[in-house]
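> First residue of the first sequence: 4, per this note's numbering; consecutive thereafter.
Don't be surprised by glycine CBs; every beta carbon is placed ideally from N, CA and C.
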Amino acid sequence: MSEIIEKSFAYLDELNDVQRKAVECISGPVMVIAGPGSGKTRVLTYRIAHLINSGVAPWQILSLTFTNKAAREMKERIERVIGQRANKIWAGTFHSLFARILRVEAHRIDYPNDFTIYDADDTKSVIKEILKTMSLDTKVYNPGTIRSRISSAKSNLITPKAYARDEELLQTDKMNRMPLVHQIYEKYVLKCMRAGAMDFDDLLLQMFKLLYQNPDNVKDKYQRQFQHVLVDEFQDTNFLQYAILKQFMDYEGSEKNICIVGDDAQSIYSFRGATIENILQFENDFADVQTFKLEQNYRSQHHIVEAANGIIGYNKKQIDKKIWTDRTGENKIKIIKTVSDSEEGKRVADLIIEQKNRYGLENQQISILYRTNAQSRVFEENLRRYNIPYRIYGGMSFYQRKEIKDLMSYMRLVVNPRDDEAFKRIINYPKRGIGNTTVTKLLQLAEDNQISLWECLPHAQVTARTESLLAGFAKIIAECRVKAKEANAYDTAHYIAKKSGIMTAMKADKSMEGMGRLENINALLDGMQEFVEDDEVEDDNLDNDKSLARYLQNIALITDADDDKGETNVVTLMSVHAAKGLEFKSVFVVGLEENLFPSFMSLSDPNQIDEERRLFYVAITRAEEYLTLSHSNSRYQYGQMRFNDPSRFLEEIPPENVDSIIPIKKESDSPFGTPKILGNFKPLRRAPMPKVNAAGFVANNPKEIKEGMKVMHLKFGEGKVMKIDERQVATIHFKEIYDSPEKRIMLQYAKLQILE
DNA sequence: GGGGGCTATGGGGGG
DNA sequence: CATAGCCCCC
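1) For Ile-315, tell me which candidate among Leu-653, Gln-756, Ile-757, Val-661 has the shortest Cα-Cα distance.
2) What residue does the alpha helix (DSSP H) around Ile-524 start on, and which one ends it?
3) Taking Cys-262 as the reference, give the member of Lys-706, Ala-463, Leu-54 with the closest Cα.
4) With DSSP run on the structure shown, which of helix, strand or coil describes Ile-604?
5) Since Tyr-373 sits in a beta bridge, which residues does DSSP pair it with?
6) How is the alpha helix (DSSP H) around Glu-482 delimited, first residue to last?
7) If you count every other CB in all the chains shown that lies within 10 Å of the CB of Tyr-393, and 16 or more means buried, which is it?
8) From what residue to what residue does the beta strand (DSSP E) around Met-3 run?
9) Taking the straight line between their C-alpha atoms, what separation do you get for Asp-16 and Gly-58?
10) Just checking, does the segment 546-559 make contact with the segment 425-440 on the three C-beta pairs under 8 angstroms criterion?
11) Give the range of the alpha helix (DSSP H) segment to which Cys-262 is assigned.
12) Following the continuous alpha helix (DSSP H) through Arg-330, name the residue where it begins and the one where it ends.
13) Tell me where the beta strand (DSSP E) around Met-712 begins and ends.
14) Measuring alpha carbon to alpha carbon, tell me which residue in Phe-118, Met-77, Ala-74, Gly-42 is nearest Ala-425.
15) Near Asp-288, which residues of its chain fall below 7 angstroms by C-beta distance, leaving aside the five closest residues on each side in sequence?
16) Could you tell me whether the segment 42-52 touches the segment 199-216, where touching means 3 or more Cβ pairs closer than 8 angstroms?
17) Roughly how many angstroms separate the alpha carbons of Asn-19 and Ala-165, rounded to a whole number?
18) Is the beta carbon of Ile-92 closer than 9 angstroms to that of Ile-51?
19) Report, in whole angstroms, the separation of the C-beta atoms of Arg-616 and Tyr-317, which I expect to be a contact under 8 angstroms.
20) Where are the beta strand (DSSP E) runs, 3 residues long or more, that stay fully inside the segment 83-108, in chain order?
21) With respect to the alpha helix (DSSP H) encompassing Gln-447, which residues constitute its N-terminal and C-terminal limits?
22) Answer with buried or exposed for Thr-141, where buried requires no fewer than 16 other C-beta atoms within 10 angstroms of its C-beta.
23) Tell me whether the beta-carbon of Thr-495 lies closer than 9 angstroms to the beta-carbon of Ala-508.
24) So the alpha helix (DSSP H) Val-418 belongs to, where does it begin and stop?
25) I need the boundaries of the beta strand (DSSP E) containing Ile-391, first residue and last residue.
26) Tell me whether Asn-260, by its Cβ, gets closer than 8 angstroms to a heavy atom of the ligand MG.
27) In chain order, what residues of the same chain have a beta carbon less than 6 angstroms from the beta carbon of Ile-85, not counting five sequence neighbours either side?
28) Could you tell me if Gly-256 is buried or exposed, where buried requires 16 or more neighbouring beta carbons within 10 angstroms of its beta carbon?
29) If you reduce the DSSP assignment to three classes, tell me which class Asn-598 lands in.
30) Taking Ser-633 as part of the beta strand (DSSP E), name the residues at either end of that continuous run.
31) For Leu-100 and Ile-64, what's the separation of their Cα atoms in angstroms?
32) Any idea what DSSP makes of Ser-273, helix, strand or coil?
33) Going by the DSSP bridge assignment, what does Met-34 pair with across the sheet?
34) So the beta strand (DSSP E) Leu-65 belongs to, where does it begin and stop?
35) Tell me the rounded alpha-carbon separation between Ala-82 and Val-143.
36) From the DSSP output, read off the bridge partner residues of Pro-649.
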């Protein structure tokens, strides 16, 4: 007996003193301040394992992480220590776990349990709709800005009414020439309610409401269940998230078993409402907090650790701590200066080749980090040229593609017919002759009666023809709903794709893009089949529910970082934000220039500069052994050449940790000659436009253009006329357009020069 | 009502 | 540079 217990506690020996104390201190409020690479994940996983070994049931543990991937990995690690039971832990992001609870409880707060989750695009579209009804100009009332105002109001538990009374908020809106934001906010909330939809903030806000208003004593249920709460990356939680955590803890006789782990120096999400105040407030809100500081960095060599310490010292507000390492190593930080962004791309790619050859690095040990996603292109191009496989995180994800959103909109409407955003998207897709006029009528009717578009369908005042078209659409959705009740997600989706006419429309399109779209649709369906056939009962699917509603819930909160399907040994390209929590043997932080990193948006506000500095701190502490920083004298930004000074952060690095500046090299002297070909990989999604020499271009009379001719187009370059139809529309294959070479050009207006 | 070309405009990080 | 929305013609 004792042997078994001893054996099962063996993991404690893998911890250093502080880590072990943080793991063993299992009751009452605990705060762990964890520097980069200090074994934070290890503490969290072992702490959970230790809780379970100490008699806590896995389902009584709520573990909140930043990404679902982090949660999944943590569960796997715990499973290795305590076995299968680990599955029952409630581990995930705030958003995904609360969505899961709301799926069961939403009816108690006047939402359907099958509520839709609106993404950022849906939200903006709702706001645009409101602006239209209020006759406000979207140039002045920027939907994106309004969205973030509403989001931050929700994140701070400010209701529309409270917003309308808040002098400071009103003042800010006035200064932005948007005095009516509070009205838009109010309408927005009503519209979402009407549509049975929650946006990302609602997943938190409605969860809070559920606990705070406590209908049917539902609060007790969750308070009793979640005996132990753990929160990772606490520095990036917002007021609302913290308010929910306090709700869980707030009852008579509560043991307040809450363990937060974070690092004030790595707080990088204040733009979406995260606040370091939460860390500082924690000790005030909970009595007798036990605090542990993890200060030993196991990840990075000492030059990197010292550089990080050096730069973060420029920030004023900090929790006192000293990050140190006993790792040695001679690699100093390299700084590259280039003349242009394209050269920056080339130099980084050259250095990657060099590191791979000289140090035997694998692709997967290398990462390129940038401040903005828009910077990825030059690196993409150069890696591609050297045949180095890579993967870009962020940017447009699979689920944001048009064809995927179209099919998903059908699914959404089938699950929740009140989903107005889905409705608008597909009412006339595929084309069924229901145009803008009709949709406008429906929108007006919905607005007048405060009901959803779906509910308006039978009552629209339209011509008999349109009426039957609308009825046809309603019939399709109704039939799909019947199917959805009895069939699983995959079968329903198949049925929908067929009934809706999407499949027919897709298959009719034989163009290159069309084929690609069909491929994506099929990929989505394959993914759904996988979802249905996966017989492993995951803990967040205890009932093994394979319905369409369930599938949509799973998919709505997936991000790029969550699924790492396919290629594994690839160079990683991502924003610094996305790199949080990751580590690589070699890291390139690029674009270290004033106006870019730090971002021009932050220059006027010292607090924001501090946040940029923390972001830089996060960036360089991702590196284990090799850290290379680059900046360029000039770069193309928004279509213009810009000239930026080197980032102030470069000067803040202690000189003793920096290698002498590497001089600019000429194109020809790549350190190892011509790079060798290394495996194959997916082609670049978006090829650059060809460069056409405008001088010397003379457009021919369109009447002279005939099939089979070689022509020059000012924008698309050289192409061959494949076909000219009866309406004088030419199908031209442009040889320099890689992703979709076939364009349909109206001859009447086209500027084409005949080449031969 | 539908489609494509053209013009003006904005421009960060993400669940 | 990307793209939303305008505008024009079928």
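From the atom records:
1) Leu-653
2) 515-536
3) Leu-54
4) It is Met, not Ile, that sits at residue 604 in the sequence shown. Three-state result, Met-604: helix.
5) Ser-578
6) 467-489
7) buried
8) Outside the displayed span of the chain (4 to 759) sits residue 3, for which this structure offers no information.
9) 20 angstroms
10) no
11) Run containing Cys-262: none in the alpha helix (DSSP H); it sits in the beta strand (DSSP E), 261-265.
12) Looking at the DSSP string, Arg-330 is not in any alpha helix (DSSP H), and its letter there is neither H nor E.
13) Segment: none, Met-712 is in no beta strand (DSSP E) and carries neither H nor E.
14) Phe-118
15) Lys-249
16) no
17) 49 angstroms
18) yes
19) 6 angstroms
20) 93-96
21) 439-452
22) exposed
23) no
24) 405-418
25) Taken as a continuous stretch (DSSP letters only), Ile-391 belongs to no beta strand (DSSP E), as it is neither H nor E.
26) As presented, the structure is devoid of all ligands, the ligand MG included, so that no description of it is given.
27) Ala-52, Ile-55
28) exposed
29) strand
30) 626-635
31) 12 angstroms
32) helix
33) Ile-263, Thr-294
34) 64-68
35) The question names Ala, but residue 82 in the sequence shown is Glu. Taking the straight line joining both Cα atoms gives about 53 angstroms.
36) Glu-596
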